[in-house]
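K.L.:
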Amino acid sequence: MFAFNLNLIKITILILFIYNLTGCGIASKDNLEEVNIAPKFKKSNYLFTLRDNETRLIGKISATDPDNDILEYTVTPNTFLIVNERLRFTVTPNLSADIATQNYQASVTVSDGELIATQSVTIIVINIDY
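Numbering of the sequence shown is given in our numbering, commencing with residue 19 and proceeding in unit increments.
Take a look at the structure:
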């Protein structure tokens with residue numbers, strides 16, 4: 019017949035319980051998922067003023083990404099385009115002689131491939147012939 023040491027069994031069960039309990043609560047770096055953080059524009063407001071018939075280049079619009087993801091910019095409406103963080107008109111603005119200024123609105127969106135941020139942009143074109 020086997021003789022059981024009750025104290026030894028209790029200690030063994032306690033050790034196994036503690037081992038399982040602490041093992042379930044420990045997270046390794048391999049099991050952690052990275053959380054993607056959305057990109058953010060460097061300015062909260064973009065306002066550009068330029069003269070008509072002078073240039074297509076409007077100005078620089080840039081954003082940062084806390085995760086250092088590659089950023090891709092898009093702009094609407096298609097009156098504008100954005101290349102290398104430089105907002106441009108698709109054609110040089112040429113206001114008619116009776117218009118002193120013309121205001122344009124654009125919406126620039128930046129994406130890190132997963133999350134996006136959108137920023138409104140105001141462009142004021144001044145008629146040099148007015």
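Glycine included, every Cβ here is placed at the ideal spot set by N, Cα and C.
Going by alpha carbons, who is nearest to glutamine 137 out of Ile144, Val126, Ile146?
P.N.:
Out of Ile144, Val126, Ile146, Val126 has the C-alpha closest to the C-alpha of glutamine 137.
K.L.:
When you compare only the Cα positions, how much space is there between proline 95 and leucine 50?
P.N.:
So the two alpha carbons sit approximately 41 Å from each other.
K.L.:
Run through the stretch 48-93 for me and flag every whole beta strand (DSSP E) of 3 or more residues, listed as ranges in chain order.
P.N.:
Complete beta strand (DSSP E) runs here, min 3: 64-69, 75-78.
K.L.:
Mind checking proline 57: buried by the 16 CB within 10 Å criterion, or exposed?
P.N.:
Result: buried.
K.L.:
Could you check whether valine 143 and arginine 74 sit closer than 9 Å to each other, using their CB atoms as the reference points?
P.N.:
No, they are not a contact pair.
K.L.:
Quick check: the Cα distance between isoleucine 31 and tyrosine 37, rounded to an integer number of angstroms?
P.N.:
Between isoleucine 31 and tyrosine 37, the C-alpha separation is close to 10 Å.
K.L.:
Between Ile27, Phe59, Ile55, Phe35, which lies nearest to valine 128 when the distance is taken from Cα to Cα?
P.N.:
Selected option, being the one with the closest Cα: Phe59.
K.L.:
DSSP puts valine 143 in a beta bridge; with which residues?
P.N.:
Valine 143 pairs with Leu68, Gln120.
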